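Residue 1 is where the sequence shown starts when you use full-length UniProt numbering, and the numbers rise one by one after that. Just so you know, even glycine gets a beta-carbon here, dropped at the ideal spot from N, CA and C. Note that the structure is a prediction, hence the values are computed from the model and not measured. Okay, structure first, notes after.
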Amino acid sequence: MNWDDTGPDDSATATPGGPDASAERLVGSVADGEDTAVEAALRPKDLGEFVGQPKVREQLDLVLRAARQRGATADHVLLSGAPGLGKTTLSMIIAAEMGAPIRITSGPAIQHAGDLAAILSSLQEGEVLFLDEIHRMSRPAEEMLYMAMEDFRVDVIVGKGPGATAIPLELPPFTLVGATTRAGLLPPPLRDRFGFTAHMEFYEAEELERVLHRSARLLDVSTDEAGAREIAGRSRGTPRIANRLLRRVRDYAQVKSDGVITSEIARQALAVYEVDERGLDRLDRAVLESLLKLFNGGPVGLSTLAVAVGEERETVEEVAEPFLVREGLLARTPRGRVATPAAWAHLNLTPPASSRANGSGQTGLFGM
Ligand SMILES: Nc1ncnc2c1ncn2[C@@H]1O[C@H](COP(=O)(O)OP(=O)(O)OP(=O)(O)O)[C@@H](O)[C@H]1O
Ligand SMILES: [Mg+2]
Numbered sequence: 001m002n003w004d005d006t007g008p009d010d011s012a013t014a015t016p017g018g019p020d021a022s023a024e025r026l027v028g029s030v031a032d033g034e035d036t037a038v039e040a041a042l043r044p045k046d047l048g049e050f051v052g053q054p055k056v057r058e059q060l061d062l063v064l065r066a067a068r069q070r071g072a073t074a075d076h077v078l079l080s081g082a083p084g085l086g087k088t089t090l091s092m093i094i095a096a097e098m099g100a101p102i103r104i105t106s107g108p109a110i111q112h113a114g115d116l117a118a119i120l121s122s123l124q125e126g127e128v129l130f131l132d133e134i135h136r137m138s139r140p141a142e143e144m145l146y147m148a149m150e151d152f153r154v155d156v157i158v159g160k161g162p163g164a165t166a167i168p169l170e171l172p173p174f175t176l177v178g179a180t181t182r183a184g185l186l187p188p189p190l191r192d193r194f195g196f197t198a199h200m201e202f203y204e205a206e207e208l209e210r211v212l213h214r215s216a217r218l219l220d221v222s223t224d225e226a227g228a229r230e231i232a233g234r235s236r237g238t239p240r241i242a243n244r245l246l247r248r249v250r251d252y253a254q255v256k257s258d259g260v261i262t263s264e265i266a267r268q269a270l271a272v273y274e275v276d277e278r279g280l281d282r283l284d285r286a287v288l289e290s291l292l293k294l295f296n297g298g299p300v301g302l303s304t305l306a307v308a309v310g311e312e313r314e315t316v317e318e319v320a321e322p323f324l325v326r327e328g329l330l331a332r333t334p335r336g337r338v339a340t341p342a343a344w345a346h347l348n349l350t351p352p353a354s355s356r357a358n359g360s361g362q363t364g365l366f367g368m
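Have a look at this one:
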């Protein structure tokens, strides 16, 4: 069994300007170097250990159990969800549950159909092929994959020009596990060839607490219930972020106190790192504060808001806004960015009377 999984996360980190180009942020969901180094040790190894995602776990358990009972190779599985929710982890669990070896590669690593043919033709029967960032594969490779998934066959092209011939090559049955943060970018013919698609959701705070207790045990960190709860609430529904905050709080606990993570220690540590009770960091708060204090809650155009914050437009739009929108603190409207009542409450500010009276608050917000 190959648990050495530095490959796919390396390429994920290298994603330029992806939807969350924020690897250096403490609350960024893309893996940074330190994450990659410790994540292998923190990955649950079977479905029973995998916390949360009850629907996905139940469905996947059925798919894998049935395949095992039939003595067959499991159907192809697509894992879709935001960075850090456990796609790579699940792919390894699938292989472990099937007692099969796993081969790891990623869309960006497959630039030519020939690259894919080489991998496919060297698979063993029943092997799991994990294709991370499958939406970033090249077109010709994608088309080769269609046939491989459906008929376990590829056409290898020999020669060039008019004399080129396609030699069909039989493949042993294998399970493709594709992972994507952008399921919408997958062409429908590819999506349709997966027998099962798992949509990974953000985690509940209570689930993240369990992730944290488990990680604390593995890292030999002592944390009490309230300490784990404090970190979980600031982890943006994402196990990777929870594990990262745990490491920073551990540092603080070790240097400033007796190493035990209590809620007070967690609060103090995360205040130092400027991660607030809801998981907003300095940038998120700067965006909200400008929107509220300089523009009375909006609407204001993205470019104007970005200038006010002193950041690039793309940074505000791709790094800060998605989480603010998800949290219901900011809305993107055709007239510009608008703060919701929750934003005023979160920053302890009172909305101006006019915005409450004329309805550019709650009701005017989404009614366009
Ligand atoms: N359900 C879970 N239970 C416990 N730990 C988890 C779970 N999901 C993820 N983790 C932890 O979070 C870390 C990140 O998970 P993983 O690398 O699988 O995310 P990913 O979805 O593949 O992210 P990316 O899109 O960046 O590749 C893992 O090291 C693992 O320790
Ligand atoms: Mg991954």
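Does DSSP put residue i in a helix, in a strand, or in coil?
i	result
D132	strand
A96	helix
L60	helix
A23	Residue placement at A23 cannot be trusted, given a pLDDT of 49 that sits under 50; what the coordinates show is reported in the next sentence. Looking at A23 - three-state DSSP - the assignment turns out to be coil, as it is neither helix nor strand.
T350	coil
E311	coil
S222	coil
H327	Note on residue identity: the sequence assigns Glu, not His, to residue 327. Looking at E327 - three-state DSSP - the assignment turns out to be coil, as it is neither helix nor strand.
K55	helix
S91	helix
M137	coil
E209	helix
A164	coil
L292	helix
L278	Sequence inspection shows Arg at residue 278; the Leu mentioned does not correspond to that position. DSSP places R278 in coil when its eight states are reduced to three.
D115	helix
A148	helix
A67	helix
residue 374	Lying before the first or after the last residue shown, residue 374 is absent from the chain, which here runs from 1 to 368.
Please name the residue or residues paired with residue i in a DSSP beta bridge.
i	result
R214	In the DSSP output, where bridge partners are listed per residue, R214 has none listed.
L78	G178, T197
G336	T333
L169	V154
L300	In the sequence as displayed, the identity of residue 300 is Val instead of Leu. BP columns for V300 point to R337.
Give every residue of the same chain whose Cβ lies closer than 7 Å to the Cβ of residue i, excluding the five residues on either side of it in the sequence, and list them in chain order.
i	result
V300	L291, G336, R337
M149	H76, L176, R193
L347	L288, E289, L292
A113	P140, A141, M144
E97	D46, L47, L64
Y273	L26, R248
Can you name, in chain order, every residue of its own chain whose Cβ lies under 6 Å from the Cβ of residue i, other than the five neighbours on each side?
i	result
A269	V249, Y252
A228	E209, L212, H213
A100	G126, E127, V128
A320	L283, D284, V287
Hey, does residue i have any beta-carbon neighbour from chain D nearer than 7 Å?
i	result
M98	Among the protein chains of the structure shown there is no chain D, as only one such chain exists.
Along the chain, where does the beta strand (DSSP E) containing residue i start, and where does it finish?
i	result
F196	196-199
T105	102-106
Could you give the residue range of the alpha helix (DSSP H) that holds residue i?
i	result
E230	225-232
Y252	239-256
S263	263-272
I110	Premise fails: I110 is in no alpha helix (DSSP H) and is neither H nor E.
L123	Taken as a continuous stretch (DSSP letters only), L123 belongs to no alpha helix (DSSP H), as it is neither H nor E.
G33	33-42
L190	188-192
A286	282-289
With a threshold of 8 Å on Cβ separation, who are the neighbours of residue i within its own chain once the five nearest residues in sequence on each side are excluded?
i	result
E170	F152, R153
L349	L292, K293
Y146	P189, L190, R193
R236	V27, S29, F202, G279, F323
Nearer than 6 Å: is that true of the beta carbon of residue i relative to any heavy atom of ligand 4?
i	result
V260	With respect to small molecules bound, the structure shown includes ligand 1 and ligand 2 and not ligand 4.
Can you confirm whether the stretch 32-44 touches the stretch 86-106 when touching is taken to mean that 3 or more C-beta pairs between the two stretches lie within less than 8 Å?
yes
If we count Cβ pairs, one from each stretch, closer than 8 Å, do we get three or more for the stretch 223-230 versus the stretch 254-272?
yes
Cβ contact check for the stretch 60-78 and the stretch 188-205: 3 or more pairs under 8 Å
yes
Check whether the stretch 129-148 and the stretch 96-106 touch, using three or more Cβ-Cβ pairs below 8 Å as the test.
yes
Are there three or more Cβ pairs, one per stretch, closer than 8 Å when the stretch 159-173 is compared with the stretch 135-146?
no
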